[in-house]
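Comments concern the structure below.
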Amino acid sequence: MTHTNQTISVRSGIESDQQFGAVTPPLYLSSNYTFADLEQPRKYDYSRSGNPTRDTLADTLAQLENGYGAVITSSGMSAVYLVTHLLDKGDLIIAPHDCYGGTYRLLYSLAQKGLFEVLFVDQGCAESLQQALNKKPKLVWIETPSNPLLRVVDIQQICDLAGSDVIKVVDNTFLSPVLQQPLNLGADVVIHSTTKYINGHSDVVGGAVIAREQELSEKLAWWANCIGITGSPFDSFITSRGLRTLSIRLRQHQENTHRVIQYLQQQPLVEHIYYPGLESHPTHTVAAKQQQGFGAMLSFELNLDHANLRTFVNSLELFSLAESLGGVESLICHPASMTHAAMDQEARFNAGIKNNLLRVSVGIEEADDLIKDLESAFQRCQIKVIQGEQHG
Ligand SMILES: Cc1ncc(COP(=O)(O)O)c(C=O)c1O
2 MTHTNQTISV
12 RSGIESDQQF
22 GAVTPPLYLS
32 SNYTFADLEQ
42 PRKYDYSRSG
52 NPTRDTLADT
62 LAQLENGYGA
72 VITSSGMSAV
82 YLVTHLLDKG
92 DLIIAPHDCY
102 GGTYRLLYSL
112 AQKGLFEVLF
122 VDQGCAESLQ
132 QALNKKPKLV
142 WIETPSNPLL
152 RVVDIQQICD
162 LAGSDVIKVV
172 DNTFLSPVLQ
182 QPLNLGADVV
192 IHSTTKYING
202 HSDVVGGAVI
212 AREQELSEKL
222 AWWANCIGIT
232 GSPFDSFITS
242 RGLRTLSIRL
252 RQHQENTHRV
262 IQYLQQQPLV
272 EHIYYPGLES
282 HPTHTVAAKQ
292 QQGFGAMLSF
302 ELNLDHANLR
312 TFVNSLELFS
322 LAESLGGVES
332 LICHPASMTH
342 AAMDQEARFN
352 AGIKNNLLRV
362 SVGIEEADDL
372 IKDLESAFQR
382 CQIKVIQGEQ
392 HG
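Take any residue in the sequence shown, note its place counting from 1, add 1, and you have its number in the numbering used here.
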């Protein structure tokens, strides 16, 4: 199902140390830097505005996304917040109706305060998208694939339709620059929650904003310093370390996903699998065209009542019941009561998120172990279902 095993060799600062020739770049924790003389600042003066360790990460991400420059932020949400500074009062932003809940909450709340206007639309529906674009937005926010149903929208097509006067921003968190490069498809800005695949070890919360052109890049860097949301040197150091294995991790993530899906397809209790790599997935063709792989996030519905669903998730030993995604460890989550609990039941149903839906972030454990773990969880449920039938 993964159609390319593209390799991107990431050195991220390897052999950049001039002083001692350290193979791995040093970590500069210092908050400030001496001036060489009066009126003679060096390259760095204060770590909120610039830091060598953070710059190493920024340069690597800019290179991977094919951008002019990157700003490293303290979280994925501060990356989203930073981008809103490209808007002025009265400007309109068009965002997906099924974007990440935190993004929805932030855009909605800032619009409520009157900082700009926001319109949430189903960007997969050509008519709704065109109607929204007719309102002359300043910025179009794209997030693909969506969470948790992995719907894919055509980045190039949306960027073309929006035209050059509109700033096109893509949240590339679910795939990373190894599997999708939105700037090559016409976007102006890419954002990431680096908390996910880029760091990949679930031990840093961070973000990044990468711009294609110098002007936007400098504007974003100016605002990041002005607001004070640049990432910490330590987090940048850890994230650079994670980034060096991104490509190989994704290869394993995707191979495991392939195996997990093959297994789930044979399970009678599985009602529906949502994964863009499946030909039956409604937006498979767009995913195959614009992505270099189908990723390692999948969702599925189980034909189980709530008690048995609980038994299933509690029986799993290698899939931790937790939110977030993109780490080396496999995670399972129940969107209705976890990631999407803030939506009321009706809104969730309208968005297609059923109560028996589970979302999985497939890790890089041995695939055989993951399958065995799923097998034993299914066995427990089947025993409970049969016992229940007998008692009933
Ligand atoms: C697609 C997407 N964008 C942005 C964010 C926000 O990132 P963070 O949690 O690092 O602030 C998340 C977090 O889950 C996400 O999934």
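Glycine is no exception: its CB is placed at the ideal position from the N, C-alpha and C atoms.
Looking only at C-alpha atoms, which of the options sits nearest to residue i?
i, options, result
"residue 317", "288, 139 and 381", "381"
"residue 119", "287, 65 and 95", "95"
"residue 341", "331, 354 and 329", "354"
"residue 329", "320, 378, 98 and 285", "320"
"residue 151", "301, 386, 35 and 111", "301"
"residue 16", "57, 346 and 387", "57"
"residue 62", "130, 249 and 199", "199"
"residue 79", "70, 103 and 59", "103"
"residue 75", "245, 331 and 237", "237"
"residue 258", "299, 164, 270 and 335", "299"
"residue 54", "110, 128, 183 and 241", "241"
"residue 227", "86, 42, 40 and 41", "86"
Give me the Cα-Cα distance between residue i and residue j, rounded to the nearest whole angstrom.
i, j, result
"residue 194", "residue 327", "10 Å"
"residue 161", "residue 189", "12 Å"
"residue 148", "residue 268", "23 Å"
"residue 210", "residue 218", "9 Å"
"residue 64", "residue 140", "24 Å"
"residue 373", "residue 265", "12 Å"
"residue 30", "residue 234", "6 Å"
"residue 379", "residue 368", "17 Å"
"residue 48", "residue 313", "48 Å"
"residue 215", "residue 60", "13 Å"
"residue 21", "residue 36", "22 Å"
"residue 386", "residue 100", "36 Å"
"residue 93", "residue 107", "15 Å"
"residue 336", "residue 348", "13 Å"
"residue 50", "residue 279", "45 Å"
"residue 388", "residue 88", "59 Å"
"residue 166", "residue 138", "9 Å"
"residue 136", "residue 343", "29 Å"
"residue 256", "residue 370", "13 Å"
"residue 71", "residue 323", "30 Å"
"residue 142", "residue 33", "36 Å"
"residue 376", "residue 262", "13 Å"
"residue 105", "residue 144", "11 Å"
"residue 315", "residue 270", "16 Å"
"residue 338", "residue 307", "11 Å"
"residue 1", "residue 132", "The chain is shown only over 2 to 393; residue 1 falls outside these bounds and no answer can be derived."
"residue 346", "residue 52", "46 Å"
"residue 110", "residue 351", "22 Å"
Give the C-beta separation of residue i and residue j to the nearest angstrom, bearing in mind that I take them to be a contact with Cβ-Cβ under 8 Å.
i, j, result
"residue 124", "residue 291", "Not really, about 14 Å apart at Cβ, beyond 8 Å."
"residue 239", "residue 205", "5 Å"
"residue 27", "residue 18", "6 Å"
"residue 173", "residue 67", "So it is not a contact: roughly 12 Å between Cβ atoms."
"residue 282", "residue 275", "7 Å"
"residue 243", "residue 201", "4 Å"
"residue 82", "residue 230", "7 Å"
"residue 356", "residue 305", "With a Cβ gap of about 10 Å, residue 356 and residue 305 do not count as contacting."
"residue 170", "residue 156", "Contact doesn't hold; Cβ gap of about 11 Å is too wide."
"residue 331", "residue 203", "Not confirmed; about 11 Å, so no contact."
"residue 112", "residue 134", "Between residue 134 and residue 112 the Cβ distance is about 18 Å, and since that is not below 8 Å, they are no contact."
"residue 303", "residue 272", "7 Å"
With the cut-off set at 9 Å, would you say residue i and residue j are in Cβ contact?
i, j, result
"residue 11", "residue 247", "yes"
"residue 333", "residue 360", "yes"
"residue 14", "residue 176", "no"
"residue 121", "residue 97", "yes"
"residue 277", "residue 179", "no"
"residue 73", "residue 250", "no"
"residue 297", "residue 363", "yes"
"residue 159", "residue 116", "no"
"residue 207", "residue 192", "no"
"residue 225", "residue 69", "no"
"residue 220", "residue 77", "no"
Quick one: what's residue i bridged to in DSSP?
i, result
"residue 39", "Paired residue(s): none; residue 39 is not in a bridge."
"residue 360", "300 and 334"
"residue 121", "96"
"residue 208", "74 and 194"
"residue 169", "141"
"residue 47", "33"
"residue 231", "74"
"residue 322", "333"
"residue 273", "302"
Give a yes or no on whether 9 Å exceeds the smallest Cβ distance from residue i to chain B.
i, result
"residue 101", "Judged by its chain identifiers, the structure shown contains no chain B, having just a single protein chain."
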